[in-house]
Each structure stands twice: as structure tokens, then as C-alpha cells.
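Q:
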Amino acid sequence: MFLTREEERILAGEEGEARARALKTVIKVGEALGAERLIPIKHAHISGASYENIGDFGVEFIESFAAMGAKFAVPASVNPVSYDVEEPLSLPLKLSPEYMRAQERILKALASMGAQLELTCTPYYAGVPERHGLKAGDHVAWGESSAVAYANSVLAIRSNREGGPLALMAAIAGRTYYYGMHIDEQRIPLVEYIVEGELEEAEAGVLGEIVATRHKGERPPLITARFSSDASVREFLAAISTAGDLAMAHIREITPERPPREVERRERISREEIDEALERRAPDGPVDIIYMGCPHVSLEELSNLIKSAGSRTIISVSRSVYSRSEELARIARERGVRIVRDTCLVVSPFYKSGSFRVATNSFKAYYYLSRRGVKVYLARTRDLLGYSH
Ligand code: F3S
């Protein structure tokens, strides 16, 4: 791989052991993929911050870099963790003091390296792009697959799916390998998927699952579809990155880049296919919890949901959105709706805390909760709000 003099210097340890090690890891991964050079990044988003997901090995890995005196070379935000830091029991969780201490160690180590503890999977609703001047065409290293898909597809901010440890290494090194979504040509779609009619959140998630399982090749799919809101775009993008390994979809009239004049192939996806996939997963009886906010919702969406949500509803948001929703939080409390920050049903130990029947409008939450043994159903937002009363 071609390295600049600056990169050679870092690799030789002139900026400390931690930065040299981090850069070496980024180079190794880049070389394995065939990248010819590195590219400086403007921001990193660290996933793999939940103790539930990374366990003791993960805690020690992060702490080992903090102990070497590692500092992030670029601003870095952090993904959700295993409980709401301000109010640990805002979700029904069984948390031991040792468990909480392990989570605190992760946060402390990340903060010592300079991380901003946004604790959200939707940094783009928490003001991160604005705060750091991120704009279309900028290169970043984000580790949360749904956020990566949103960055590439909606904001035209370029990132590969880095995964937790690699985003951490890129943040310390200030660089990532020049590959995949960082390269103009790799962002141009070759296959188009067309669907008729408007898609709300759960429908968009199912469409994402269908596209991700059908789509082959490394180029992003071109999507011609009508999404009812930014929330349904987000659910679609979370689903394509959950059911497959896509890092981007080029969505007509949403993706800022120009769509290609021609594609190699076009496929239609029928409404019946989407409706059937949803019917198969619909609740077959009463549910205990209505869950929304995977990925974390925006302030506008929170405000719309609160207007109609009944008790038994849980909505997850970033601490940034939470801090701007004081009045909404009051209304939510009166109605028995829980607004949860910093975490979610998937990355917390929720699945160990009882046998709840959960209904959600998020394909991603449906996918992971069912794999964790939770009885979970997928339903349209308006139906969920109906069940919640
Ligand atoms: Fe976010 Fe948790 Fe879903 S981290 S994307 S709300 S699984």
C-alpha cells in the first residue's frame, strides 16, 4: 500500500504506540481488501460500545488503547450502550453492580480518548454532521451499519461499514483505507428496484429485507420508491444493512448524487410481496410492549408518536433528542409511554429480563430480537399505535 511520509512517520511510532498500532490495523485490513492507499477522515462513529455486545474481551481491548494514552485524531461519537446511563432501569432490565461497572469502564476509556458520548445510532439526528461541518463528499469511518447506510444514501457522507474495532482504530489513526464507498465509481448503481405506492416504516423495512436478499454485487442498488417520511427511509436503510451487507442504496430523489442514466437490469417488487411478508409477522394476540426507535427516532418523529402512543409503548432516542424533548417527556410520563435514551431493546440485556411479547415497526429490531429468543412481531406504525391503547 502506498503510504505518505506522514503515515510512515506514524507507523514508525513517532506519534506514540497507540497511533502506530491503530494505523497498522487499518493498513492490514486495507491491504487484505486490495486498497492502494489510505484516506484522511473527518469523523468517526464508534459502535461496539455496549457491554452486552462486546463483553469482557471488548472492555479490555478498548482499555488497552486508553492505557497506551491513545487520543482520537478526529472527533468521534459513540453508539448506544447497554442501559440508559441517567436512568438505568428505564427499560425492564436486571443489572448487577459488576455489569454496570463494566459498562462504565467502556465509557470512561472512550471518553479518555476524546469520544463524545452521544450514545446513539442516529448521530445525524443528534447534530453531529452540523457540529463537525460534515457535508456531502466528506470521508468518515462509521461503525454502525444503519448509520453508515444513512450517511452514504441520504447525506452523501462517505463511509464503509467499519465495524466497532475498526472504527476505533480509524478514529485513533485519523485515516481509513480508500476502498468501496469512498470511491466515486463504487457508488454508482447497476441494478434498479422499483416498487409502486407509498411505504411507511415497517413496509420500508420489509422492502429493505427483500432488496438485501436479492441484490448481488458490491455496487449499491438503485431504488425507485416513495417513502412516507424520513423515518421510513431510515427503516429501509437499517433493514438493507441488517438483512445484507449493503452500505448504501441510491434512492431516487433522496440521494444527493446524480443517478446513473442507464442501469444493467431493472426488477419490480410487488406490493403483495411486501404485504405478505408483513402479514406473516403480524401479532397473533395481545402484546406486552410496543417498541419504536430502532434506529433511534428524531425529535419530530418522537413528537408525532407521542401524540398517539398509549401505555406499554417504549421509544428509544439519543440523549441529544431527549434533552430537547422536556415537554414531550412530561406528556409521555402522563400516558405511561417510556422514552429511553442511550440504549435500545437490542443492545441492552432486555432479552434476559423476562418473557415479553413485543411488537415493533422496525425490521432491524424484529430481526435481532427474534434471534435473541424474544417473541417479537412486526407491524405498521398506525397498527402499533392502535395496539398500544
Ligand atoms: Fe440502534 Fe439498537 Fe437499532 S443500536 S439501530 S436501536 S439495534
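Residues 6 to 394 in the numbering used here are what the sequence shown spells out, letter by letter.
Using N, Cα and C, we set each Cβ at its ideal position, and we do this for glycine too.
1. Can the beta-carbon of residue 46 be found closer than 8 angstroms to that of residue 145?
2. Evaluate contact between the region 293–302 and the region 315–335, counting only Cβ atoms and requiring at least three cross-stretch pairs below 8 angstroms.
3. Where residue 186 and residue 265 are concerned, what is the direct C-alpha to C-alpha distance, given to the nearest angstrom?
4. When the distance is taken between beta carbons, is residue 85 closer than 8 angstroms to residue 124?
5. Taking only the alpha-carbon atoms, compute the straight-line gap between residue 287 and residue 379 and give it to the nearest angstrom.
6. Which runs of the beta strand (DSSP E) fall wholly inside the region 296–336 and span at least 3 residues, in chain order?
7. Can you give me the start and stop residues for the alpha helix (DSSP H) that residue 182 sits inside?
8. Are the beta-carbon atoms belonging to residue 54 and residue 111 less than 8 angstroms from one another?
9. Using 8 angstroms as the threshold, is the region 189–208 in touch with the region 165–172, meaning 3 or more CB pairs across them?
10. What are the residues that DSSP puts in a beta bridge with residue 382?
11. If contact is defined by three or more beta carbon pairs under 8 angstroms, each pair taking one atom from either stretch, is the region 386–393 in contact with the region 350–370?
12. Here's the rule I'm using: 16 or more other beta-carbon atoms within 10 Å means buried, otherwise exposed. How should residue 260 be labelled?
13. What does the alpha-carbon distance come out to for the pair residue 44 and residue 180?
14. For residue 128, does the count of other Cβ atoms within 10 angstroms reach 16, so buried, or fall short, so exposed?
15. When you get a sec, list the residues whose CB is within less than 7 angstroms of any heavy atom of the ligand F3S, chain order please.
16. From the DSSP output, in three-state form, read off residue 252 for me.
17. Residues in its own chain within less than 8 angstroms of residue 382 by CB, not counting five upstream and five downstream?
18. Of the residues 333, 388, 299 and 48, which one's Cα is nearest the Cα of residue 374?
19. What residues match up with residue 229 in a beta bridge as DSSP calls it?
20. Would you call the region 49–68 in contact with the region 326–333, where contact means no fewer than 3 C-beta pairs closer than 8 angstroms?
21. Between which two residues does the beta strand (DSSP E) carrying residue 78 extend?
22. Could you round the C-beta distance between residue 232 and residue 209 to whole angstroms and report it? I think they count as a contact, below 8 angstroms.
A: Quick answer:
1. Within the sequence shown, numbered from 1, the residue matching residue 46 stands at position 41. Within the sequence shown, numbered from 1, the residue matching residue 145 stands at position 140. Annotated as proximal: residue 46 and residue 145, with beta-carbon spacing under 8 angstroms.
2. Taking 8 angstroms as the limit for Cβ pairs, the verdict is that the region 315–335 does touch the region 293–302.
3. Taking the sequence shown and counting its residues from 1, one reaches residue 186 at position 181. Taking the sequence shown and counting its residues from 1, one reaches residue 265 at position 260. Rounded to whole angstroms, residue 186 and residue 265 show a C-alpha spacing of 16 angstroms.
4. Locating residue 124 in the sequence shown gives position 119, where the first residue counts as 1. Locating residue 85 in the sequence shown gives position 80, where the first residue counts as 1. Against a cut-off of 8 angstroms, the Cβ pair of residue 85 and residue 124 comes out as a contact.
5. By 1-based counting over the sequence shown, the position of residue 287 is 282. By 1-based counting over the sequence shown, the position of residue 379 is 374. Approximately 15 angstroms, taken between the alpha carbons.
6. Segments of the beta strand (DSSP E) lying fully in the region 296–336: 318–322.
7. What you label residue 182 is simply residue 177 of the sequence shown in a count that begins at 1. Premise fails: residue 182 lies in the beta strand (DSSP E), 180–182, not in any alpha helix (DSSP H).
8. Here residue 54 refers to the residue found at position 49 of the sequence shown. Here residue 111 refers to the residue found at position 106 of the sequence shown. Taking 8 angstroms as the Cβ cut-off, residue 54 and residue 111 qualify as a contacting pair.
9. With the cut-off at 8 angstroms, the region 189–208 and the region 165–172 do not touch.
10. As a first step, residue 382 is located in the sequence shown; it is residue number 377 there, counting from the start. By DSSP's assignment, residue 382 forms a beta bridge with 364.
11. Because the criterion of three Cβ pairs below 8 angstroms is met, the region 350–370 and the region 386–393 touch.
12. Indexing the sequence shown from 1 puts residue 260 at position 255. It counts as buried.
13. Against the sequence shown, residue 44 aligns to sequence position 39. Against the sequence shown, residue 180 aligns to sequence position 175. Each residue's Cα considered, the two are about 5 angstroms apart.
14. Position 123 of the sequence shown, counting from 1, holds the residue named residue 128. The Cβ neighbour count for residue 128, taken over all protein chains shown within 10 Å, is at least 16; the residue is labelled buried.
15. With the cut-off at 7 angstroms, the residues found are 84, 85, 126, 149, 151, 243, 298, 299, 300, 301, 321, 349, 351, 352, 367, 369, 370 and 373.
16. For this step, residue 252 is matched to residue 247 along the sequence shown. It is coil, neither helix nor strand.
17. Translated into the one-based positions of the sequence shown, residue 382 becomes position 377. Counting only Cβ-Cβ distances below 8 angstroms, and skipping sequence neighbours, we find 286, 287, 288, 289, 292, 362, 363, 364, 365 and 371.
18. As a first step, residue 374 must be located in the sequence shown, where it is residue number 369. Between residue 374 and the set 333, 388, 299 and 48, the nearest pair of CA atoms involves 299.
19. Taking the sequence shown and counting its residues from 1, the one referred to as residue 229 is at position 224. Partner(s): 199.
20. With the cut-off at 8 angstroms, the region 49–68 and the region 326–333 do not touch.
21. Taking the first residue of the sequence shown as 1, we reach residue 78 at position 73. Looking at the DSSP string, residue 78 is not in any beta strand (DSSP E), and its letter there is neither H nor E.
22. One-based indexing of the sequence shown puts residue 232 at position 227. One-based indexing of the sequence shown puts residue 209 at position 204. Contact between residue 232 and residue 209 holds, with the beta-carbon distance rounding to 6 angstroms and staying under 8 angstroms.
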